[in-house]
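**Q**
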Amino acid sequence: MIFASDNWSGAHPAINEALARHGEGMASAYGTSDLDKAVEKRFDEIFEREVAVFFVGTGTAANSLALASVNRPGGVVLCHREAHVVEDECGAPEFFTHGARMAPVDGPNGLIDPANLRREIARFKPGHVHAGQPMAVSISQPGEAGTLYGADEIEVIAGIAHERGLTLHMDGARFANGLVATGLSPAEMTWKLGVDILSFGATKNGCWCAEAIVVFDPEKATQFPYIRKRGAQLFSKTRFVAAQFMAYFEAGLWLDMAGHANRMADRLRAALSASNAAREAWPTRSNEVFAILPKDLATRMQAAGAVFYEWNPPHSMPDLVAEGETLVRLVTSWSTPEADVERFASFLR
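Numbering (the numbering used here), first residue to last: 32 to 380.
(1) Throw me the rounded Cβ distance for the A167 and L98 pair, which I believe falls under 8 Å.
(2) Please list the segments of the beta strand (DSSP E) lying wholly inside the stretch 294 to 380, counting only runs of 3 or more residues, in order along the chain.
(3) According to the Cβ coordinates, are I46 and P217 closer than 8 Å?
(4) What do you get for T253, buried or exposed, if any count of 16 or more other CB atoms within 10 angstroms of its CB means buried?
(5) Which ranges does the beta strand (DSSP E) cover as unbroken runs of at least 3 residues, wholly within the stretch 186 to 273, from first to last along the chain?
(6) Might you give, ordered along the chain, the residues of its own chain that have their beta carbon closer than 6 Å to the beta carbon of F280, omitting 5 neighbours on each side?
(7) Once the 5 residues before and after D67 are set aside, which same chain residues still bring their CB inside 7 Å of it?
(8) Which whole-angstrom value is the C-beta distance of Q155 and A162, which I expect to be below 8 Å?
(9) First and last residue of the alpha helix (DSSP H) that includes F74?
(10) What do you reckon, are the CB atoms on L243 and T234 nearer than 8 Å?
(11) Run the CB neighbour count on T363, radius 10 Å, all protein chains shown included, and call it buried at 16 or more, exposed below.
(12) How is A58 classed by DSSP in three states: helix, strand or coil?
(13) How far does the alpha helix (DSSP H) with I152 in it reach, from first residue to last?
(14) Quick one, which of R132, T315, D75 and C110 has its alpha-carbon nearest N102's?
(15) May I have the straight-line CA-CA distance separating H115 from L361, to the nearest angstrom?
(16) Alpha carbon to alpha carbon, what distance is there between F206 and L215?
(17) Give the DSSP-derived three-state secondary structure of H43 in the structure shown.
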């Protein structure tokens, strides 16, 4: 019963087969192979427009270099207080931007509240050199709390950002899970709503090591090849990343895998709803579920083989967990067996 993280899951057999097949023979290096170019065109098709695509090795690299590409002297990135770029990247965005600051914005359930965003941006007066200058707004879709922005919410946030000439960045580490949950197309969840740069994640969803930075206006990406090279993310054998993406997109595999993960999470949510012993901490819609368990039950489940992480309550919910309880995060993946979900649910009954 492994619900620790979708990072624990392996690579889908189709991904492994593509790596083996495209690993044979010779191919030009540093993103110049025919396979690299074909995958770049595939991204154009998926997003319904010409985009600039840059492969990188990790989600942290994708987020950090995306933000570095729009940095300004004294730069400030506005993001949710519990965003991954704040809490889980060991200062990498600040490092690769050479000192940009992450300015937290509050909002319920891991989502930026637009009114709070407007208020925080207004604190930075143009020309006031001491405060620095905002350069971007970063949102996660899905968010760290397993919740999702609606299309109208993204559009409002984009409008607020663009009023001040700020780039809107989307951290899409679980982008496919968000697409399946919302029913939107890739274009409808990004550039059609005003997203400028996307960190496109595939590693959590059945790939071995495949992340990409997607810039929706290629004319704004002319310096990005140098930023990626300086950031040590220009792989010589990029065809191995391209091969994963080629298989990932084939016949909608990426959406099928994300759909399975989301369905397994739905079953966990249903089990929590029916339980008298445990409860869902707040409503979620992606492949992350947050549950409040009695500590003795959590201990028994772990002894029986359940693996999950205890989680810190959100800043906005300091009294969420009572004495004798614990907040845990449960994450499903493309390879989560139904039998594991059912066994976990049996403990809740």
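C-beta atoms are modelled at their ideal positions from N, C-alpha and C, and glycine is treated no differently.
Values in this document were obtained by computation on a predicted structure and should not be read as measured data.
**A** In short, the structure shows the following:
(1) 6 Å
(2) 319 to 325 and 356 to 362
(3) no
(4) exposed
(5) 198 to 203, 228 to 232 and 242 to 246
(6) R73
(7) T269, R270 and A273
(8) Contrary to the premise, residue 155 reads as Phe rather than Gln in this sequence. Indeed, because the Cβ distance is near 5 Å, the residues count as touching under 8 Å.
(9) D65 to F78
(10) Checking the sequence, you will find Ala at residue 243 rather than Leu. No; because the gap between Cβ atoms is not below 8 Å, this pair is not in contact.
(11) buried
(12) coil
(13) P145 to A153
(14) R132
(15) 17 Å
(16) 11 Å
(17) coil
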